[in-house]
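Worksheet: one structure, shown below.
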């Protein structure tokens with residue numbers, strides 16, 4: 072059994088729901104991910120758990136991780 076990756080529509084819905092309290096920030100997050108400047112972060116968002124972590128990080132800092140290792144290190148504490 073494998074967990075299927077999120078498609079673009081599911082990613083957008085997830086981010087919209089995650090940023091429900093601050094829709095402007097959510098829209099900024101989506102636009103940044105879709106700009107092509109954050110391709111590594113965009114790839115991480117295909118996995119539901121990693122998308123959750125990316126959203127939390129973006130809510131806190133307005134930044135995206137450069138890779139999976141950086142994302143995990145951010146939450147290791």
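In the working numbering, the protein residues as written are 72 to 148. Note that the Cβ used here is the ideal one computed from N, Cα and C, for glycine as well. Small disclaimer: the values here were computed from a predicted structure and weren't measured.
Supposed contact pair residue j and residue i - C-beta distance, whole angstroms, cut 8 Å
i	j	result
residue 100	residue 82	The Cβ separation is near 10 Å, so there is no contact.
residue 116	residue 90	That pair is no contact at about 13 Å.
Pair within 7 Å by beta-carbon distance, residue i and residue j
i	j	result
residue 112	residue 135	yes
residue 142	residue 124	yes
Delimiting residues of the alpha helix (DSSP H) encompassing residue i
i	result
residue 123	119-132
residue 140	139-145
residue 136	Careful: residue 136 lies outside any alpha helix (DSSP H) and carries neither H nor E.
residue 86	79-89
residue 105	94-105
residue 112	110-115
Pairwise C-alpha distance: residue j and residue i
i	j	result
residue 120	residue 144	15 Å
residue 106	residue 92	23 Å
residue 127	residue 138	15 Å
residue 148	residue 94	28 Å
residue 129	residue 74	24 Å
residue 96	residue 131	11 Å
residue 108	residue 72	33 Å
residue 80	residue 110	17 Å
residue 88	residue 98	11 Å
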